[in-house]
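Everything below concerns the one structure shown next.
See the structure below:
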């Protein structure tokens, strides 16, 4: 056990390759809301916060909640990826790079998970229409089911947001597919009640998020590391859950039409009690399994990492340490 622990510690400080990006070590500052972007602009305090992360030795720090449009904002004062914000974002990426670190932009659309009202929009968009429980706090009691035109527009906004992130100097983009935001609303059977090609089976529920992934890969996949973040376990009856089934089914379906052969892709699985799990895909095949726990807990019980590796076709276990919200324990 001591030898294994020593190996893990040494490995945590070794470089790791994510697509076109090489990190100096495997410490990642996760995306968390620091509340330091008044009027949607990164403040000097936020720039310093991420620069300090890099100065402290983190390999990759993540700027959270960068909305791809004003319609996609969840919170007041949320950063929006637009041309007016680019100089402020460039100041942040320059500050991180000056300290030897890399920086990722988390790109997102809130869908009906929003506390803001968009002028001219009576109901926020979601995978399905009907009552909007989260809207009780903002007076938006109903949500509208997205149509084909909505999907085309928002997929293009994700691609454009990724391009703006590249222009601002980011080394990676993290597509937020978890935590109840728009793409998560398509993935979740709790939100997604559609009876067309975008609802029902997991393959159908993945259709729109997979299209967003494809657009982002087409836009920046040759230049930036592309990360997808999704919630494996929703913690509610009828929601997504079950580690082995989720990984074994989700990964092949997600990448089937995501064109991963052109770029490495990280799928991020958050597990409530055990922190972060990532599956690294290269040339269409999963080649690495990164985790910060020797056992992983999900709604169907505890699983040794080796069992997960066997179920999902992963052939190598390596270590990644996440710092911030969702940080887990070594077990």
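Numbering (our numbering), first residue to last: 11 to 341. Even glycine gets a Cβ: it sits at the ideal position worked out from N, Cα and C. Given the structure is predicted, the values throughout are model-derived calculations rather than measurements.
Sequence-distant residues of the same chain with beta carbon closer than 6 angstroms to residue i, five excluded per side
i           : result
residue 122 : 134, 136, 142 and 153
residue 171 : 78, 91 and 117
residue 229 : 169, 172 and 173
residue 167 : 78 and 79
residue 240 : 187 and 188
Status (buried if at least 16 other CB within 10 Å, exposed otherwise) for residue i
i           : result
residue 24  : exposed
residue 181 : buried
residue 36  : buried
residue 55  : exposed
residue 232 : exposed
residue 67  : exposed
residue 175 : buried
residue 40  : buried
residue 71  : buried
residue 130 : exposed
residue 248 : exposed
residue 112 : buried
residue 211 : exposed
residue 198 : buried
residue 61  : buried
residue 57  : buried
residue 27  : exposed
residue 400 : The requested residue 400 does not occur in the structure, where the chain is confined to residues 11 to 341.
residue 308 : Per-residue confidence for residue 308 stands at a pLDDT of 45, beneath the threshold of 50, marking its modelled position as unreliable; no derived number is given.
Pick from the options that is closest to residue i, judged by C-alpha positions
i           : options               : result
residue 250 : 119, 220 and 200      : 200
residue 223 : 215, 211, 238 and 213 : 238
residue 74  : 47, 157, 33 and 173   : 47
residue 63  : 49, 114 and 225       : 114
residue 91  : 209, 241, 179 and 233 : 179
residue 140 : 188, 169, 39 and 155  : 155
residue 185 : 71, 119, 213 and 207  : 119
residue 69  : 187, 32, 188 and 49   : 32
residue 192 : 207, 205 and 165      : 165
residue 157 : 126, 205, 53 and 42   : 205
residue 150 : 167, 125, 42 and 102  : 125
residue 82  : 60, 190 and 61        : 190
residue 160 : 58, 218 and 93        : 218
residue 183 : 128, 76, 101 and 88   : 76
residue 59  : 102, 128 and 132      : 102
One or two residues paired with residue i in a DSSP bridge
i           : result
residue 186 : 239
residue 74  : Partner(s): none; residue 74 has no beta bridge.
residue 28  : 31
residue 113 : 71
residue 118 : 77
residue 152 : 141
residue 90  : 77
residue 136 : 155
Spatial neighbours of residue i in its chain, beta-carbon cut-off 8 angstroms, leaving aside the 5 residues before and after
i           : result
residue 268 : Model confidence at residue 268 stands at a pLDDT of 44, short of 50, so the residue's coordinates are unreliable and nothing is read from them.
residue 320 : Reliability fails at residue 320, whose pLDDT of 45 lies under 50, so the model's placement of it is uncertain and no value is given.
residue 311 : Below a pLDDT of 50, predicted positions are generally treated as unreliable, and residue 311, at 47, falls in that range; no measurement from the model is reported.
residue 93  : 174
residue 86  : 125 and 126
residue 84  : 75, 77, 118, 120, 123, 124, 125, 126 and 191
residue 244 : 198, 200, 250 and 251
Neighbourhood of residue i by C-beta, 7 angstroms cutoff - its chain only, sequence neighbours within 5 removed
i           : result
residue 202 : 137, 138, 195, 196, 209 and 215
residue 51  : 95 and 98
residue 34  : 25, 69 and 110
residue 10  : What is shown of the chain runs 11 to 341, which leaves residue 10 out entirely.
residue 246 : 200
residue 162 : none
residue 177 : 96
residue 128 : 80 and 81
Beta carbon proximity, residue i to chain C, threshold 7 angstroms
i           : result
residue 145 : Going by chain labels, chain C is absent from the structure shown, which holds only one protein chain.
Can you confirm whether the region 104-111 touches the region 143-150 when touching is taken to mean that 3 or more C-beta pairs between the two stretches lie within less than 8 angstroms? no
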